[in-house]
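Chains as they are written, first to last, in the numbering used here: chain A, 2 to 486; chain B, 27 to 193; chain C, 4 to 121. Beneath this line is the structure, given in structure tokens, with notes to follow.
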Amino acid sequence: MDMISIPVVNMTPILPEIFLSVLAMVLLLLNVFSPSGKKSYLAYISFIGIAATAVLVGAGWGGHIESFSGAVILDNFATFFKMIFLLAAGLTVLISDQYMEREECNHGELYPLILFTVVGMMLMASGTDLMTIFLGLEVMSVSLYVLAGFNRNNKKSNEAGLKYFLLGAFSTGFLLYGMALTYGATGTTRVYKIASVVGQMTLPSANIMLLAGMLLMMTGFAFKIAAAPFHMWTPDVYEGAPTPMTAFMSAGPKAAGFAALLRILLVALPTLQIEWSQLLWVLAVLTMTVGNITALRQDNIKRMLAYSSIAHAGYALVGLVAGNGTGTAGILFYMLSYAFMNIGAFAIIILVSKKGETNGNVMDFAGLGFKRPLLAVAMTIFLFSLAGMPPTAGFIGKFYLFSGAVQKGYIWLAVIGVLNSAASVYYYLRVMVYMYMKEPTEEFEWTQVTAPVALALIISVAGSMIPGIVPSFILEFAQQAVKLI
Amino acid sequence: METLFFAIVSLVAIISAILVITCKNPINSALSLIMTFFCLATYYVMLDAPFMAAVQVMVYAGAIMVLIVFTIMLLNIRVNATQKHSHRILLGSIIGFFTLINTIVLLVKSQAAKPVGPFTGDMIRNIGHSELIGREMFTTFLLPFEITSILLLVAIVGSVILAKKNI
Amino acid sequence: MLGAYLPILLLVIVAVGFGLCSLVFSSLIGPKKISALKLSPYESGCEPVGTARERFSIKFYLIAMLFILFDIEAVFLYPWAILYKKLGVFGLVEMGLFIVILFVGYIYVWKKGALEWE
Numbered sequence: 002m003d004m005i006s007i008p009v010v011n012m013t014p015i016l017p018e019i020f021l022s023v024l025a026m027v028l029l030l031l032n033v034f035s036p037s038g039k040k041s042y043l044a045y046i047s048f049i050g051i052a053a054t055a056v057l058v059g060a061g062w063g064g065h066i067e068s069f070s071g072a073v074i075l076d077n078f079a080t081f082f083k084m085i086f087l088l089a090a091g092l093t094v095l096i097s098d099q100y101m102e103r104e105e106c107n108h109g110e111l112y113p114l115i116l117f118t119v120v121g122m123m124l125m126a127s128g129t130d131l132m133t134i135f136l137g138l139e140v141m142s143v144s145l146y147v148l149a150g151f152n153r154n155n156k157k158s159n160e161a162g163l164k165y166f167l168l169g170a171f172s173t174g175f176l177l178y179g180m181a182l183t184y185g186a187t188g189t190t191r192v193y194k195i196a197s198v199v200g201q202m203t204l205p206s207a208n209i210m211l212l213a214g215m216l217l218m219m220t221g222f223a224f225k226i227a228a229a230p231f232h233m234w235t236p237d238v239y240e241g242a243p244t245p246m247t248a249f250m251s252a253g254p255k256a257a258g259f260a261a262l263l264r265i266l267l268v269a270l271p272t273l274q275i276e277w278s279q280l281l282w283v284l285a286v287l288t289m290t291v292g293n294i295t296a297l298r299q300d301n302i303k304r305m306l307a308y309s310s311i312a313h314a315g316y317a318l319v320g321l322v323a324g325n326g327t328g329t330a331g332i333l334f335y336m337l338s339y340a341f342m343n344i345g346a347f348a349i350i351i352l353v354s355k356k357g358e359t360n361g362n363v364m365d366f367a368g369l370g371f372k373r374p375l376l377a378v379a380m381t382i383f384l385f386s387l388a389g390m391p392p393t394a395g396f397i398g399k400f401y402l403f404s405g406a407v408q409k410g411y412i413w414l415a416v417i418g419v420l421n422s423a424a425s426v427y428y429y430l431r432v433m434v435y436m437y438m439k440e441p442t443e444e445f446e447w448t449q450v451t452a453p454v455a456l457a458l459i460i461s462v463a464g465s466m467i468p469g470i471v472p473s474f475i476l477e478f479a480q481q482a483v484k485l486i
Numbered sequence: 027m028e029t030l031f032f033a034i035v036s037l038v039a040i041i042s043a044i045l046v047i048t049c050k051n052p053i054n055s056a057l058s059l060i061m062t063f064f065c066l067a068t069y070y071v072m073l074d075a076p077f078m079a080a081v082q083v084m085v086y087a088g089a090i091m092v093l094i095v096f097t098i099m100l101l102n103i104r105v106n107a108t109q110k111h112s113h114r115i116l117l118g119s120i121i122g123f124f125t126l127i128n129t130i131v132l133l134v135k136s137q138a139a140k141p142v143g144p145f146t147g148d149m150i151r152n153i154g155h156s157e158l159i160g161r162e163m164f165t166t167f168l169l170p171f172e173i174t175s176i177l178l179l180v181a182i183v184g185s186v187i188l189a190k191k192n193i
Numbered sequence: 004m005l006g007a008y009l010p011i012l013l014l015v016i017v018a019v020g021f022g023l024c025s026l027v028f029s030s031l032i033g034p035k036k037i038s039a040l041k042l043s044p045y046e047s048g049c050e051p052v053g054t055a056r057e058r059f060s061i062k063f064y065l066i067a068m069l070f071i072l073f074d075i076e077a078v079f080l081y082p083w084a085i086l087y088k089k090l091g092v093f094g095l096v097e098m099g100l101f102i103v104i105l106f107v108g109y110i111y112v113w114k115k116g117a118l119e120w121e
């Protein structure tokens, strides 16, 4: 072992990550070297960069390349998720500039940090080594802690950043401990190797170390996707963080958490499916119920959407419990449509709320239907989609998730899911009732809809409607994506 | 000889760890924590992992302790401000006790005893711990190594944004 | 096999011994005349004003944080230094990339004025 064999390095799988990292670093330097003042141009550059990366990612569809001796992979699964992340980031950049200008915290670092978050999420989706997944998660989380506390003048934003950091670091500890135990039990961190080592074990379900590792990893990811009982941070962080960042956090990192969880559970530990699906069954039921029941009592709309986002994590977990093609493809489909409808809803919240995050209650939507009919229609579409009403994307997503569970015989789980979904209609409808059936309590100046925000709204409306009307197109992509893992 | 040395180090480690949580003055607690970190470093040396020992001393006993001491001074906790939390101590002891039992069960019952990776104790002794870590880090784990630099960069930017007075 | 670490152990013993000896002997041999003035904190001969326990500025924290991050960078250099010849150009490129990325952070911190005492 005197000479070191130099590994073959194929850059193709991580080209999007490299491109985005370089772009983020250039923006970072551009920010400090350019005179202070308006930083809007950074938003435009990031948006173009994100769009270019999306083209780069899209070109990799259908490929299957392993690189860095099995640390990352380019496959359809990763490509699909990368598209979701880029979409979430692109929409967030579009709605950020106006908001940050209004809140007087438009520091140029915002955009590099968003790009770094995307890099982290992408590494989580394409990582096939526990180390890559962990480091991707850390890059994502550290950027998000800062983004949550980005509005330094607002005490709630500070609190959100600190809370998110403390609980996030705590959950990272669980995750890392789980990975260490898994490494101890199998002797490798490569996801595909873990699968073969575990497959050769005589009785893997009796290996306490492996089980403990799996359990701790699941706990860590449950924190990140905000599944009950690890959801405590979500309402405070979602409420306190700057609204565009809340939108981003609820769409991107949740999808990234699911990407890594799917990869680890379905690829590395399929032999333990009976064990983890039982645990996830309980987790899914708890998450859906806790999220929906608590959301019923919320007046602050950001808090309400935070609890609703917990509930949505629960719906997606139903697909993972099923673990079959329909269920997992359902998760991918659902995460994509959730990014559209949730970011869209938050964009409307930004337009309704005023400086200093005031006017964020459900009552403040009173009369929106008469004053700004177009915005109200858009909000109605997002809320319908979130509630899972046909013919929106949310309905089709839930349909596939629950039918996956039914196919696998989890009838009760599907029933609980449908009941929860029905309960959720109440709090989404409440906003609509205020929009269309109540007079505004006081007159105030409506925020102007700038061109980027309008573009974001158009994309979101299209994304919440089109997959609902012609689902087969996107579902086919999702099914191809989960076929290979 | 080694057993005796282990016993001495363990004794120091346990005493300093107890001091960390019983000291009234937070600075004294921090100093005891440094001692605990040094004992941990000694364990790494005894386990043929000198690189980990060096990292433990440099990063934990050095850099992280500076941060902890600064944080104590930033919060400016007075000695008399600390309160008694007997029920919390009890709860903590119970959790700690069960964790200990858990660890023992895990070590005795599971397959952890036999190493499964490609690296044996002899190999580490012959080639050297730091060199083996380097080999793995710069070949097999090349990508994670480069991601670390991105992570550090994000942390640098983040700490400036959150802690600098005027940005 | 722990013989290689004997010098370090000796160093620790000498250091601890010196510290202990100075404390013990000065308390044994030194004269003790305690007065209120002698027990007050030493502030370069001036009368002490207020408490010594002032709240530290957050600036220290930022510097400490940056120190940790660049310290971790330095730690990664050790294994590379050991393998420098064996890895050759490949290792140089790898480490170069690592350092360049962190150098971007350094330039950022510098230009941002985070190293200045404002």
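Note that the Cβ used here is the ideal one computed from N, Cα and C, for glycine as well.
Three-state secondary structure (DSSP) of residue i
i      : result
A/D130 : strand
A/L75  : strand
A/N325 : coil
A/E18  : helix
A/M2   : With a pLDDT of 47 at A/M2, under the threshold of 50, the modelled position of this residue cannot be trusted; read the value that follows with caution. In this structure, A/M2 counts as coil in the three-state DSSP scheme.
B/A139 : Because the pLDDT at B/A139 is just 48, under 50, the model does not fix this residue reliably, and the value given afterwards should be weighed accordingly. Reduced to three states, the DSSP call for B/A139 is helix.
A/K355 : strand
A/R304 : helix
B/E172 : helix
C/E142 : Since the first and last residues shown for chain C are 4 and 121, residue 142 of chain C lies out of range.
A/G404 : It should be pointed out that residue 404 of chain A corresponds to Ser in this sequence rather than to Gly. Helix.
B/S42  : helix
A/E104 : coil
Pair within 7 Å by beta-carbon distance, residue i and residue j
i      : j      : result
A/N208 : A/G109 : no
A/L456 : A/L95  : yes
A/K83  : A/V120 : no
B/A181 : C/L90  : no
C/G94  : B/F164 : yes
A/G405 : A/A323 : yes
A/F117 : A/S142 : no
A/P236 : A/R304 : yes
A/G418 : A/F403 : yes
A/Y146 : A/G162 : yes
A/M380 : A/I349 : yes
Integer-rounded CB distance, given that residue j should sit under 8 Å from residue i
i      : j      : result
A/K409 : A/N325 : 6 Å
A/G272 : A/V199 : Note that residue 272 of chain A is Thr in the sequence shown here, rather than Gly. Rounded, the Cβ-Cβ distance is 5 Å, consistent with contact.
A/L87  : A/I46  : About 15 Å separates the two Cβ atoms, so there is no contact after all.
B/R161 : C/L86  : 7 Å
B/V81  : C/V112 : 23 Å between Cβ atoms; not a contact.
Any non-hydrogen atom of the ligand GDP within 6 Å of residue i CB
i      : result
A/G315 : The ligand GDP is absent from the structure shown, which contains no ligands of any kind.
Subject >> Residues from the segment 174 to 192 of chain B in contact with chain A, defined by Cβ distance under 7 Å >> reply: T174, I176, L177, V180, A181, V183, G184, I187 and L188
**OP:** Could you please tell me which residues of the segment 112 to 138 of chain A, in chain order, have their CB closer than 7 Å to any CB of chain C?
**Re:** none
**OP:** Could you say if the segment 359 to 373 of chain A and the segment 310 to 320 of chain A meet the contact criterion of at least three C-beta pairs nearer than 8 Å?
**Re:** no
Original post:
Is the number of C-beta pairs between the segment 127 to 143 of chain A and the segment 188 to 197 of chain A that are closer than 8 Å three or more?
Top reply: yes
Subject >> Where the segment 97 to 109 of chain C meets chain B: residues whose CB sits under 9 Å from a CB there >> reply: E97, M98, L100, F101, I102, V103, I104, L105, V107, G108 and Y109
Original post:
Listed in chain order, which residues of the segment 205 to 228 of chain A have Cβ atoms closer than 7 Å to some Cβ of chain B?
Top reply: N208, I209, M210 and A213
Original post:
Listed from N- to C-terminal order along the chain, which residues in the segment 15 to 43 of chain A have their beta-carbon within a distance smaller than 7 Å of any beta-carbon of chain C?
Top reply: M26, L29, L30, V33 and F34
**OP:** Residues of the segment 64 to 89 of chain C with a CB closer than 9 Å to any CB of chain B: list them in chain order, please.
**Re:** Y64, L65, I66, A67, M68, L69, F70, I71, L72, F73, D74, I75, E76, A77, V78, F79, Y81, P82, W83, A84, I85, L86 and K89
**OP:** Could you say if the segment 69 to 84 of chain C and the segment 83 to 91 of chain B meet the contact criterion of at least three C-beta pairs nearer than 8 Å?
**Re:** yes
Subject >> Residues within the segment 77 to 94 of chain B neighbouring chain C, beta-carbon criterion of under 8 Å >> reply: F77, A80, V81, M84, V85, G88, A89, I90, V92 and L93
**OP:** Can you give me, in chain order, the residues of the segment 153 to 167 of chain B that have a beta carbon less than 8 Å from any beta carbon in chain A?
**Re:** I153, R161, F164, T165, T166 and F167
Original post:
Would you call the segment 97 to 104 of chain A and the segment 14 to 33 of chain A touching, i.e. three or more CB-CB distances under 8 Å?
Top reply: no
**OP:** Determine which residues of the segment 69 to 88 of chain A have a Cβ less than 9 Å from any Cβ of chain B, and write them out in chain order.
**Re:** F69, S70, G71, A72 and V73
Original post:
Are three or more beta carbon pairs between the segment 330 to 347 of chain A and the segment 470 to 486 of chain A nearer than 8 Å?
Top reply: yes
Subject >> Stretch pair the segment 173 to 180 of chain B + the segment 99 to 106 of chain C: three plus CB contacts closer than 8 Å >> reply: yes
Original post:
On the three-pair Cβ rule with 8 Å, is the segment 33 to 44 of chain B touching the segment 58 to 73 of chain B?
Top reply: yes
Subject >> Stretch pair the segment 69 to 77 of chain A + the segment 217 to 237 of chain A: three plus CB contacts closer than 8 Å >> reply: no
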